[in-house]
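Chemist: Residue numbers (the numbering used here): 68 to 175.
Yeah, the Cβ is synthetic: ideal placement off N, Cα and C, and Gly gets one too.
#1: Of all the options 165, 170, 149, which has the alpha carbon lying nearest to the alpha carbon of residue 132?
#2: Measure the C-alpha to C-alpha separation of residue 140 and residue 102 and round it to an integer number of angstroms.
#3: Does the distance from the C-beta atom of residue 127 to that of residue 97 stay below 8 Å?
#4: Residue 117 lies in the beta strand (DSSP E); which residues open and close that run?
#5: As a quick exercise: from 154, 144, 104, 125, pick the residue whose alpha carbon is nearest that of residue 135.
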């Protein structure tokens, strides 16, 4: 592409591979067979948080409502969990703790 701005989908496709898409899908299939799950909300909230150097945003993948409590969940390929991603996951964990929820990262 010359002279134009790359759109988000094109940038995303360079970072992810087809098998990366399977991690959240496999999690949803597993949750579908779990008898304790009442509801699953996709991308339930957007976080805005400050690091030492700048403001950042992160959208957790799922909010899972179960009979035993609520889980905030991030799912994705383990190979993409770099230091910047760890900051986002830590921010999501803090929000879950403040809300009285549990937090989990499902990495494939």
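Modeler: By the coordinates alone:
#1: Ranking the options by Cα distance to residue 132, first place goes to 170.
#2: Straight-line Cα distance between these residues: approximately 18 Å.
#3: The criterion of a C-beta distance shorter than 8 Å is not satisfied by residue 127 and residue 97.
#4: Looking at the DSSP string, the run of the beta strand (DSSP E) that includes residue 117 is 114 to 117.
#5: Answer by Cα proximity: 104.
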